[in-house]
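Colleague: Protein chains in written order, with my numbering: chain U, 17 to 369; chain C, 17 to 369; chain E, 3 to 617; chain G, 3 to 617.
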Amino acid sequence: MAIDAPPAAAEAAPPLTRADFESDQIVRWCPGCGDYAILAQMQRTLPEIGVAAHNVVFISGIGCSSRFPYYMDTYGIHSVHGRAPALATGLKASRPDLDVWVVTGDGDALSIGGNHLLHICRRNVDVNILLFNNQIYGLTKGQYSPTSPIGTKSYSTPTGSIDAPFNPLRIAIAANASFIARAIDRDLKHLSEMIKRAHAHRGTALLEIYQDCIVFNKGAFAPLSDKASKEDRVIYLHHGEPMIFGKTRDKGIRLDGLQPRVVSLTDGAYGTADLLVHDEDDEHGTLADIIASFQEREDFPRPLGVVRDVERVCYEDVLEQRVADAVEERGEPSLQELFETGDTWEVPEHPAS
Amino acid sequence: MAIDAPPAAAEAAPPLTRADFESDQIVRWCPGCGDYAILAQMQRTLPEIGVAAHNVVFISGIGCSSRFPYYMDTYGIHSVHGRAPALATGLKASRPDLDVWVVTGDGDALSIGGNHLLHICRRNVDVNILLFNNQIYGLTKGQYSPTSPIGTKSYSTPTGSIDAPFNPLRIAIAANASFIARAIDRDLKHLSEMIKRAHAHRGTALLEIYQDCIVFNKGAFAPLSDKASKEDRVIYLHHGEPMIFGKTRDKGIRLDGLQPRVVSLTDGAYGTADLLVHDEDDEHGTLADIIASFQEREDFPRPLGVVRDVERVCYEDVLEQRVADAVEERGEPSLQELFETGDTWEVPEHPAS
Amino acid sequence: MTIATRKPVEERTDVVIRFADDSGTGMQVSGDQFASASALFGNDLSTLPDFPAEIRAPAGTLAGISSFQVRFSSEDIHTPGDDVDVLVAMNPAALKVSLPLVRANGIILVNTAGFSAKNLRLADYDTNPLDDSSLDRYQVFKVDLVELTKSALKEFTDLSAREAERAKNMFALGMVFWLFHRPLEHTIEWISAYFNRPGREKFIEPNIAALKSGYVYAEATELFATSYEVKPAPLRPGTYRNINGNSGLVMGLIAASKKSGLPLFFAGYPITPASQILHELSQYRHCRVRTVQCEDEIAAMGATIGAAYGGSLSVTASSGPGIALKQEALSLAISMELPLVVCNVQRGGPSTGLPTKTEQSDLFQAICGRHGESPLPVLATSRPGDCFDVAFMAARIAIKYMTPVIVLSDGYLGNGTEPWRIPEADELDAIPVKFHTEVEGFEAFRRDPETLARPWALPGTPGLEHRVGGLEKADGSGNVSYDPINHEVMTHHRADKVARVATEIPPTEVHGPDEGDVLILGWGGTYGSIRAAAERLSAAGHTVSRAHIRWLNPLPSDLEDILKRFKRVLLPELNLGQLSTFLRSRYLVDVQSLNKMQGKPFTSGEIEDAVRNLL
Amino acid sequence: MTIATRKPVEERTDVVIRFADDSGTGMQVSGDQFASASALFGNDLSTLPDFPAEIRAPAGTLAGISSFQVRFSSEDIHTPGDDVDVLVAMNPAALKVSLPLVRANGIILVNTAGFSAKNLRLADYDTNPLDDSSLDRYQVFKVDLVELTKSALKEFTDLSAREAERAKNMFALGMVFWLFHRPLEHTIEWISAYFNRPGREKFIEPNIAALKSGYVYAEATELFATSYEVKPAPLRPGTYRNINGNSGLVMGLIAASKKSGLPLFFAGYPITPASQILHELSQYRHCRVRTVQCEDEIAAMGATIGAAYGGSLSVTASSGPGIALKQEALSLAISMELPLVVCNVQRGGPSTGLPTKTEQSDLFQAICGRHGESPLPVLATSRPGDCFDVAFMAARIAIKYMTPVIVLSDGYLGNGTEPWRIPEADELDAIPVKFHTEVEGFEAFRRDPETLARPWALPGTPGLEHRVGGLEKADGSGNVSYDPINHEVMTHHRADKVARVATEIPPTEVHGPDEGDVLILGWGGTYGSIRAAAERLSAAGHTVSRAHIRWLNPLPSDLEDILKRFKRVLLPELNLGQLSTFLRSRYLVDVQSLNKMQGKPFTSGEIEDAVRNLL
Ligand SMILES: Cc1ncc(C[n+]2csc(CCOP(=O)(O)OP(=O)(O)O)c2C)c(N)n1
Ligand SMILES: Cc1ncc(C[n+]2csc(CCOP(=O)(O)OP(=O)(O)O)c2C)c(N)n1
Ligand code: SF4
Ligand code: SF4
Ligand SMILES: [Mg+2]
Ligand SMILES: [Mg+2]
């Protein structure tokens, strides 16, 4: 560890509970906002993971979702719009011992902050990024965001937006993010599992969480969580398992060349063995990219779960190694030695002239 | 057209030549820099395309490559680092009649400017982007860039860089860029063809050009242009044609599930019919992404040519349409009418009280 | 709806009402409706919305209170009022936050249903203030608005209890309408239009019913012993509408577009309290306004430059943090000498600060906030209606001098409303635009000898192909130049050009004696409070003068003279003395700062006190 | 290598040499080597590199000239010299650009091979200045350096003609070494080390041969009638090394890291002329320095904040445009009250401006360039060696007061070198750091009553979990607070904290009389020129005083007094009067600005003239 932080209390502490992660601040989201569920789930999940609250840092940008750190009784920074990944990079590169989380929104992460998101992914800093995607700007009261579908009517687009939305997962894949997953605020068990998986992964983990903004974009994900529709509209990804979904697990996805197709498992044409098998360990990201593309295809279910989980060396690990190697190879000079590196000369007490 | 710009000269002008696109400024790149060849090729190609110099605008950021506009006898802006796509968006959204080009470097486009590049691609503004990739920061004298391979020794990374590089094409694909191509400063005929293709495409066209920085990263692309190696190290993409390369066109690429493989066409195992056939019109970008991934795979040739060319509606076309529709539907009010929209009331000459 | 019989009616010249409740409950709407009704009735008025940064902050908490203050008058007024005459408080937190503002013997209408044990605790009340003596100094009217609203709406059986309860703001508004003899028609129309959306139509009738019931209840119960009448104000004759500062800017920009013949291009990124400018302009596609919501403020600045280069009237707007991000690219616009307008609707800083509160602390940033010598004209709006004039002026100067211009507004002006006397469109000055077309002798940086403006030569013009950028340019040709003397020359040209804008500034108006003991000097949103304070002091027999400047850079040429004619100059600013720094430096005059950093405007009382201390 | 017989030797106290050629030809190397040799010899010295923004600007053009000026002396000197004694000009453009600087009767060594018709045309010469009378005022030595170098290297048959020719800078350097009796050893060592890289070793011997041949040629041909001797300077005894300002900052930061026990973290993005700080720090991994080259300046600022929160000595550096981009996030650091250092190596603006030239025009930006009231300490370096002290001090203040600090350097200081007397590491003050660990009563914004610093509580500390951010914080607890009065209190705390840094500032040294007619006040890189001017004026019998301030915010407490003791205060600045603005405002003193905007430092003559005009 780089910094001589005070050592953790010596006595064996009792296991933590949800309450240990609840700060004393009143939560200030709109009643019914999806953020509540995510917060509660994080507070429940961290004790299960077994981290010490004092080693955890939540860093957010600006947005409704970015208020998150205030409500966690851990360390936290509510930073500036879009820059949380940059702060996290600096913190983690200098303090690899900490457990660093980024909380961000679709505007924060993909509009103003898109570049930092790309760069933290390519560097593979060991940070868990929770992207609360509500497909709208909540805090600034309802403008469309880079994930809003074309045609979104919002305050800034009264006749409907005209720019094609980003697919956050594809962006992360292109930046070679080593862990990519998706969850939704209405399936808490699954969300908790995804939080654990993201945490377990070493390297940048991007977890997109569909989150309902009940004030400005109510029900944007309702088809994915409503009892009636959800089983036909969602596919849960399981590593090594064929892609099956539907109320009666009656549908599957198979590959036709490079094109995924939704097929029926009941009309006799295809069976489970014909289906695409999910593989998280997808070195070049092609499968991940195809899975991410489901949402752009008509009649495809929305994938939830771990899309990609590959091993890549972490930025801060190499950095630490480089420091250790340099100290080892060159020795750590004293300050005086440092000062006197290179060409020096002496001016004597009584100069010649 | 939005602006009442002065009309073009009425008489039929004689066809333009290369000299018509050469400005009177002395070119200030290092002797031998790859930028010269690209400049010359642009000056030769524009007359072939047949654009009028006064309708062309080159917008660049900062970097050696970004000096480009000064040398073109067209309109031009040498803007600030990373922001050329933003300027181009503003210009094109307000002046769809102009022919707008962005010239940028690997640092300009992918380091500081990564986010603007993503966003112009998703909006699909009709701008042609020439990304001069020399895998180094030239103008600031040799720091590694986001496209430099891991381990690059540079002034800022004396023991070798530790961050994985971006693959610019994959980034553009993730942002749904409608035209993506690659060329190299040493194959001028092909470069010229790519310039024409980019220009012909409606929507954002990203053309990555490998460019030799002879001072700080000399020969980075030599294997792709040296007589001895190039035919084994490069594959030219042709729409609808199987992927064949090699000095004697003895190798090909086929798909094995989602994995491309280099196969020999001479050992009898595979023939041309087994090969992957290039398809520029790749709606979901899966093929494009696989092609872009060649460079991350050992022993794969580097693709040059048009990776993707799909039709998508342009941002400024919809914007213009919206304006036209609104004027049509609601009529264009007089200023006085505008002032008096909503609740108004009269205060009479002699108020009641 | 008019009701014939009336209890005793008292005439008042001037009333301040404040509506306060949890955020998200419609208090802003009640306030706004009261203001509109009063405006249509002919009163002069001024409003002060005040809300938390959260969309719906936790119910019942002090931090979550959203309030709306309206002052309406039969006279010409300039501030939303220091003291509240009537407070509508929907719960204990609303009461607690607003009580310090209510004048002795003021009316307090409380919703008893809001005073639950939980709410009392959330508002840090140990005992219920409705039950102890803490409100003895006021006329308190206790009404169970929830119960009353619900029973008024019981016939609407398709509404849930909760939905019915939400109409209580309309019931309260109805009561207040009765109290001040306001007609209901306008609000009824508004309700009908507002809920006329898929799925919301069912709220039209209940809301109208609640409004009417409130009115009738006030009438029938004889709750208030008296009702009040505030006559129309003797405003200058003309056609009026209610306008807030953000709308004022929008109107001014559109007017400049029409008067210059340039299409309006706007690129922005949402930020409180400037987003409304983007929202409103986006509704003017039929006026050929092109708006782009960009990926961030830097991109917005870039797009604005691109469109200015192409010949649009090009504008961006933001608030402090967003303006900070724009500065690097803005410096390019200075170097390129392109005309464009940057609006800053200031809020409380530093950093994210107090995003929904007002402040004047971005003046330093506007004048000095870029690297290098990067001068540009800066002007400030002083009232919602003045925003129109300033935006129009900014566009005119930008085009005439080929320079970016910063307009400073603030959250108070941006959200606050006042009646705006609609100008005669025909009487507005035309904004002459001359695109350069002459090929012979064209040089991109050959300046107009009078204004020092360079020519505006648009892409698309044959023969004028040229390149501009951020590197230093040769005087005249505009080619890249590293020549030392040329840089000095160009630096001075850029500075002189901005300095020459001073010739556009009309003489500074001094209200009160031309010279004397005390001058209150102001800029921006302090206008109303200063004027009110000065008028009260004069009325009390003191001689004080006041002047308000619109131009911060360059400063008016007559300002030095004026300042030196007074023994003391008091400069109230919602910052720690930013304009004061420039004035002291420029004129070596011992300007005295009056500072306030509370996220809200000066009361006129505060200024009055400060002046009295000087007298 | 020493050569025994010598022509007449003249002793000089002070010589200025300027090497000038196309960029990319090695002139910076020749100059630098001459400087090093002179430093090792014991002269005091001062250098001024001057190069275009292009890596290798077009050969032969005026804009492409790269030059390096060295002044070396047997006395204590402070500037790279106003007038050039010896010019080495490799082509017409080099001659033309430098000639105005050469004193009458100065030596000009020209490379005749460079004077081709094409080069004459590129340099805008109608006739060859070597053939007409235009150089009559100088001692001109014409040598065909290309031919001489080639023939000296003819034995190296593996070199192409072009490669051989490239060694001509070493041939010229050899000649100059002879002229001034400099030993060759140091440069020979340098050549051996520099070309000791794969594929470059073959250049070692030819370059050494060229250097020696030049020396021998000068000796043998009796080209120069006289040679010159400049004795070692009576510098303060000690160990010295040559240092430029960027290295000085690096050394100071590393020293602060060692003395505070905090690991050094640096996040940056390349930009001229600050990149060297990133480059050099990246070489100190063995001192546990962690450097990150970020995607842009905003990310670098963000990373710096992240690392400061984690307990590193956290630093970023850039130049004007990059600092502009950092301001929004820097304002967060102010709000979070985190210690970190931001270095600005200033260059010419606005926008991209003159990226390789010097200026002092980012002072406004440093003090006033953020939104809201965002105060922070700002201090400036005045000499390359002073950069060490200032960086060290900045780190100490940042930590002690829990505040970001801006250090202003500039291109002239950053690239220019001077002998640096190496400090005794043991004698440097320790920088005390106290991480808060006490859980009892911990509040994130409970301040130290003396410094107003809040506690630095690191993540990883059990029991101190807390959240900080950019929203306004409650005094004490640091929880989000929108309370009006609290905002005012916190605004004043932040301002007061910075103001208290004034207690750290030692008394301002006035050189010359304590009061009188004229005080020359300076800051930053003008130190040398001001000192030289003042000393010359004193020598000429005038009484002038001078003072130089390191602290720009807060200003030294004794400054007002000092300024008021003089009838006139002259403030030379490489801007349009930025510090002057603050001083006039603060003290109402009629400070007079002397401005220069030519991308280069003041000559002492310019300052002398300005003072004479005041006397
Ligand atoms: C530099 C800057 N620009 C703009 C803003 C205004 N702003 C705050 S949050 C936000 C967008 C929020 O959207 P999102 O990230 O999707 O978060 P949500 O509120 O939906 O959770 C914006 C534009 C700001 N605070 N700072
Ligand atoms: C805001 C800002 N930051 C940094 C710089 C310095 N800078 C100029 S060009 C450049 C990178 C150039 O690299 P690239 O884009 O690859 O262009 P190349 O020179 O290689 O063509 C940098 C960092 C700048 N001009 N402005
Ligand atoms: S505005 Fe939307 S996202 Fe924000 S707190 Fe309310 S419901 Fe949640
Ligand atoms: S530094 Fe490299 S990229 Fe720049 S001009 Fe020279 S060779 Fe070209
Ligand atoms: Mg959102
Ligand atoms: Mg590059």
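Each residue gets a CB set at the ideal place from its N, CA and C atoms; glycine is no exception.
Taking only three categories from DSSP, how would you classify TYR196(E)?
Modeller: helix
Colleague: Whose C-beta lies closer than 6 Å to the C-beta of GLU12(G) among residues of the same chain, with five residues either side of it excluded?
Modeller: Excluding positions up to five away in sequence, the list reads THR228 and TYR230.
Colleague: Which residues end up in the neighbourhood of ligand 3 when you take C-beta atoms closer than 5 Å to any of its heavy atoms?
Modeller: Any residue whose Cβ sits closer than 5 Å to a heavy atom of ligand 3 makes the list: TRP45(U), CYS46(U), CYS49(U), CYS80(U), GLY154(U), CYS229(U), ILE230(U), VAL231(U) and ILE57(E).
Colleague: Mapping DSSP to helix, strand and coil, what is TYR286(C)?
Modeller: coil
Colleague: Shorter than 7 Å, the distance from the beta carbon of ILE152(U) to the closest heavy atom of ligand 5, or not?
Modeller: yes
Colleague: In terms of DSSP beta bridges, what is CYS345(G) paired with?
Modeller: ALA319(G) and VAL409(G)
Colleague: What does HIS513(G) pair with, by DSSP beta-bridge criteria?
Modeller: ARG548(G)
Colleague: So if DSSP puts PHE195(U) in a beta bridge, which residue, or which two residues, is it bridged to?
Modeller: PHE195(U) pairs with ALA221(U) and ASP325(U).
Colleague: When we look at the beta-carbon of GLN30(E) and count the other beta-carbons within 10 Å, is it buried (16 or more) or exposed?
Modeller: buried
Colleague: Just by C-beta distance, which residues in the stretch 256-274 of chain E are closer than 9 Å to chain U?
Modeller: GLY270, TYR271, PRO272, ILE273 and THR274
Colleague: Is the CB of TRP45(C) under 8 Å away from at least one CB in chain E?
Modeller: no
Colleague: Does the beta carbon of GLY374(E) sit closer than 8 Å to a beta carbon anywhere in chain G?
Modeller: yes
Colleague: Alpha carbons only, please: which of ARG324(C), THR105(C) and LEU146(C) is nearest the one belonging to GLU224(C)?
Modeller: LEU146(C)
Colleague: Let me know if ILE5(E) comes out buried or exposed under the rule of 16 or more other beta-carbons within 10 Å of its beta-carbon.
Modeller: Any answer about ILE5(E) is weak, because its pLDDT of 49 lies below 50 and its placement is not dependable; what the coordinates show is given next. Exposed: under 16 other Cβ atoms inside 10 Å.
Colleague: I'd like to know if the stretch 518-529 of chain G and the stretch 378-385 of chain G are in contact, where contact means that at least 3 CB-CB pairs between them fall below 8 Å.
Modeller: Yes: at least three Cβ pairs fall under 8 Å.
Colleague: Relative to the alpha-carbon of PRO10(G), which residue among PHE182(G), LEU186(G), VAL491(G) and ASP498(G) has its alpha-carbon at the smallest distance?
Modeller: PHE182(G)
Colleague: Would you mind reading off the limits of the beta strand (DSSP E) that contains TRP525(G)?
Modeller: TRP525(G): member of the beta strand (DSSP E) spanning 518-525, first to last residue.
Colleague: For chain U, check one thing: does any of its Cβ atoms lie closer than 8 Å to the Cβ of SER1(G)?
Modeller: With chain G covering only 3 through 617, there is no way to say anything about residue 1(G).
Colleague: Using only CA atoms, which one of GLU149(G), TYR403(G) and GLN580(G) lies nearest to SER215(G)?
Modeller: GLU149(G)
Colleague: If I measure Cβ to Cβ from LEU327(G) and keep anything under 6 Å in the same chain, skipping five residues before and after, which residues do I get?
Modeller: GLU299 and ILE300
Colleague: Can you find a CB in chain C that lies within less than 8 Å of the CB of ASN192(U)?
Modeller: Closer than 8 Å to some Cβ of chain C, the Cβ of ASN192(U) qualifies, so yes.
Colleague: State buried or exposed for GLN362(E), treating a residue as buried only when at least 16 other CB atoms are found within 10 Å of its CB.
Modeller: buried
Colleague: Is the Cβ of THR288(C) closer than 8 Å to any Cβ of chain G?
Modeller: no
Colleague: For ASN107(E), count neighbouring C-beta atoms within 10 Å of its own C-beta (all shown protein chains included) and say buried if the count is 16 or more, exposed if not.
Modeller: exposed
Colleague: Label LYS108(U) either buried or exposed according to how many other C-beta atoms from any shown protein chain fall within 10 Å of its C-beta, with 16 as the threshold for buried.
Modeller: buried
Colleague: Anything in chain C within Cβ reach of ASP179(U), meaning under 7 Å, just list it in chain order.
Modeller: ARG138, ARG139 and TYR331
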